[in-house]
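Residue 72 in UniProt numbering sits at position 72 of the sequence shown; the count goes up by one each step and never skips.
Glycine included, C-beta positions come from ideal geometry on N, C-alpha and C.
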Amino acid sequence: MPSSLPQSSDLVAVVREFLERDILPESTGARWFNVRVAANVLAMVERELLRGKDLDAAEAERLKQFVSGDSREAMELALSDAIREGTLDWRTEGLAQHLLETCEGALQINNPKWLR
Numbered sequence: 001m002p003s004s005l006p007q008s009s010d011l012v013a014v015v016r017e018f019l020e021r022d023i024l025p026e027s028t029g030a031r032w033f034n035v036r037v038a039a040n041v042l043a044m045v046e047r048e049l050l051r052g053k054d055l056d057a058a059e060a061e062r063l064k065q066f067v068s069g070d071s072r073e074a075m076e077l078a079l080s081d082a083i084r085e086g087t088l089d090w091r092t093e094g095l096a097q098h099l100l101e102t103c104e105g106a107l108q109i110n111n112p113k114w115l116r
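Rendered as structure tokens:
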């Protein structure tokens with residue numbers, strides 16, 4: 001897709017901020033809840049647009065020390081299969097650190113507050 005200005009992450013941020021600033025304070029009950037959920041989803045999309053590619057690339061690089069595959073998704077599947085089969089386990093050098101960093105990366109997108 002051709003580059004466009006403003007960036008997608010900026011557009012998502014504007015909509016999220018509008019919901020939080022103008023709609024949420026005047027909402028109650030189920031409407032408040034639904035607006036809060038929508039704002040949270042937009043915040044996740046915004047973080048993914050800003051950090052997702054870097055986090056995916058870092059995970060793919062770490063995965064290469066344990067498994068091979070055509071894509072990050074294929075390597076994730078191979079890693080989970082290896083753990084399930086017992087080929088790799090918690091004693092495998094670097095595996096626990098990789099899993100920790102992968103979980104932290106997911107939380108950076110999904111809910112960074114949970115990292116504290």
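- The residue from Val35, Glu76, Ile109, Ala43 with its alpha-carbon nearest to that of Val14 is Ala43.
- In this model, Glu93 and Arg62 are separated by some 12 angstroms (Cα to Cα).
- Comparing alpha carbon positions, the residue from Leu107, Glu73, Ile83 closest to Ala96 is Ile83.
- Within the UniProt domain "DUF6285" (25-114), the runs of alpha helix (DSSP H) that reach at least 4 residues and sit entirely inside it are, in chain order, 29-63, 72-85, 95-110.
- Counting only the Cα atoms, Glu101 lies some 11 angstroms from Leu115.
- Here DSSP, grouped into helix, strand and coil, assigns Leu5 to coil.
- Residue environment: Ala39 is assigned as buried (16 or more neighbouring CB atoms within 10 Å of its CB, all protein chains considered).
- For Val35 against Ile23, the beta-carbon gap comes to about 5 angstroms, under 8 angstroms, which counts as contact.
- Between the C-alpha atoms of Glu26 and Val12 there is a straight-line separation of about 21 angstroms.
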